[in-house]
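Take the sequence shown: its position 32, counting from 1, is numbered 118 in this note's numbering, and each next residue is one higher.
From the three backbone atoms N, C-alpha and C, an ideal C-beta is built for every residue, glycine too.
Just so you know, these numbers come straight off a predicted model, no measurement behind them.
Read through the structure below, which is laid out as structure tokens, and then see the notes.
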Amino acid sequence: MRFFVFGNNPHLSISELYSVIPVADFSLSSNQASIISVDNLNLDEFGGIVKSGQIIGQVKITDSSTISKFIINKLGNIFSGTKISFGISEYCLDKEQRRIFSDKKLLAFGLETKKQLKQAGIHSRFVRTTEQNLSSATVQKAKLLSNGAEFCLFLHKDSVYIGITDWVQPFEKLSERDYGKPFRDAKSGMLPPKLAMIMLNLALSKSSIHGLALDRPMAALILLDPFCGSGTIAMEAALHGGIKTIYCSDISQKAVDNAKGNINWLKNKYELKCKNINIFLSNAENISGQLKEKINTIVAEGYLGPAQSGEESRAELVKVMSGLKSLYIKAIKEFYKITSNNARIVLAVPYFKHRTGDLFVDFASEINQYGFKIINPFPKSAPDYLKQLSKQGGLLYGRQGQRVYREILVMERV
């Protein structure tokens, strides 16, 4: 079994994981992590998972000495006779979050484990930070993947699952693709690469409203982003396996030029898995005239509206949202013209947070009217409290204090 530790938006993380592994049992899941049975994953293609590893044992929650003995035995077997570093992180798989160790007790536990390792002839360093759990950056920089171990403890009822981390999210590469690319445009919105990766996995799922084994062979996937901006989705799609062709367009010539520049930069930095990338100028409402083949996957972040100061009245935002709704209805109508049967669309649209109440692009009835259906992206086996959906069935992405969230809608052509 493998464990998967979620990022800051666990409802997105579990939806992404389910999209990639639709046959898995997600009953061992919480808003912190999942433990599932799976093999042969390309973990670097996940945007919502921050660390992962193998479950190596399960013990009853009796006292900390039981866990300490288990860790010492494992370290002794794996790293006997060497100087190592080790760290411990703790997660809970129950709805009611709890911990075995307080921060002080965890420090004492780590130091006692270090002492017992020394008695066993193993010199070690206990890695601890001010964070409750070790971040992916700490695990990487402390060399716990190459010359040591991070033990992750997962509480569930009266048991503790113990795992060893063998992968962390490649934060340096993600930062490079976000902040290091040559063309960034704050005015047109900056989709984080992690979110683009999540949206891609939601779109490339093998599951369907019609059941498993969706009739879209991975080698025949033709992807379109009709609101490409600086090309973030196209960039991440080019690095993702299984996509045959990428189409990337925008109504702005500057955006098209920026996307081309960023793709050229990416080619010089990475080995692209999809090299057939077509970037062109087009209005999303009239794109059908420029495509010579049917599209079976659309991943896009549309226009999120003008920048907000926080002083806008509700009436002002209602007017803005009305204009955005008109834009998206026209786009959905056009999407039906260009897509094949069972095509999947993952679309990020604006969701305004206002002191008088939230406002959103209320167009679920039009989505149904024009041949698509919003689908529930959650596994049935996951705990119900994790299945957080917006009023029209979308996934909200944002952080506390933001005025504009993204509502991510997963749709299929019916």
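Report task. Note down the Cα distance separating D301 from A401, rounded to an integer number of angstroms. Result -> With a pLDDT of 49 at D301, under the threshold of 50, the modelled position of this residue cannot be trusted, and the question is left open.
Query - Limits of the unbroken beta strand (DSSP E) element including M497 - result: 490-499
Query - Terminal residues of the beta strand (DSSP E) in which E236 lies - result: 234-242
**Report entry** Through-space distance from H209 to L197, alpha-carbon basis
**Finding:** 12 Å
Report task. Would you kindly check if the distance between the Cβ of L482 and the Cβ of S101 is under 8 Å? Result -> no
Requested in this report: Express the C-alpha separation of Y471 and H296 in angstroms, rounding to a whole number.
Outcome: Because H296 sits at a pLDDT of 37, beneath the cut-off of 50, its placement in the model cannot be relied upon, and the following sentence gives the value as read from the coordinates. Cα to Cα, H296 sits roughly 25 Å from Y471.
Query raised in the report: With 16 other CB atoms within 10 Å as the buried threshold, where does L367 fall?
Result: exposed
**Report entry** Cβ contact check for the region 352-360 and the region 312-329: 3 or more pairs under 8 Å
**Finding:** yes
Query raised in the report: Looking at the structure shown, is R96 part of a helix, part of a strand, or coil, going by DSSP?
Result: First, the amino acid is wrong: residue 96 is Pro here, not Arg. Helix, per DSSP.
Query raised in the report: Over what stretch of residues does the alpha helix (DSSP H) that includes L309 continue unbroken?
Result: Here L309 belongs to no alpha helix (DSSP H); instead the beta strand (DSSP E) covers 307-311.
Query raised in the report: With a Cβ-Cβ cutoff of 8 Å, do V246 and Q376 count as a contact?
Result: no
Query raised in the report: Tell me, which residues are paired with S175 by DSSP?
Result: C238
Report task. In angstroms with no decimal places, state the Cα-to-Cα distance between A417 and G317. Result -> 19 Å
**Report entry** Member of D111, P96, I141, K191 whose CA lies at the smallest distance from the CA of F132
**Finding:** P96
Query raised in the report: So G388 packs on A434, CB below 8 Å; how close in whole Å?
Result: 7 Å
Query - Proximity of A468 and I460 at Cβ, strictly below 8 Å - result: no
Report task. Would you mind stating whether S220 and S150 have Cβ atoms separated by less than 8 Å? Result -> Looking at the sequence shown, residue 220 is not Ser but Leu. Contact flag unset, no.
Requested in this report: Would you mind stating whether W253 and K137 have Cβ atoms separated by less than 8 Å?
Outcome: yes
Report task. Identify every run of the alpha helix (DSSP H) within the region 154-228, keeping only runs that are complete inside it and at least 4 residues long; order them along the chain. Result -> 189-205, 222-227
Query raised in the report: When you compare only the Cα positions, how much space is there between K190 and L475?
Result: 37 Å
Query raised in the report: Where does E217 land, buried or exposed, given buried means 16+ other C-beta within 10 angstroms?
Result: exposed
Query - S374 versus F421, R214, F195, residue with shortest Cα-Cα distance - result: F421
**Report entry** Nearest-angstrom Cα separation, counted from G327 out to K146
**Finding:** 41 Å
Query raised in the report: Mapping DSSP to helix, strand and coil, what is P392?
Result: coil
Query raised in the report: Taking DSSP as the reference, what is the three-state secondary structure of S101?
Result: helix
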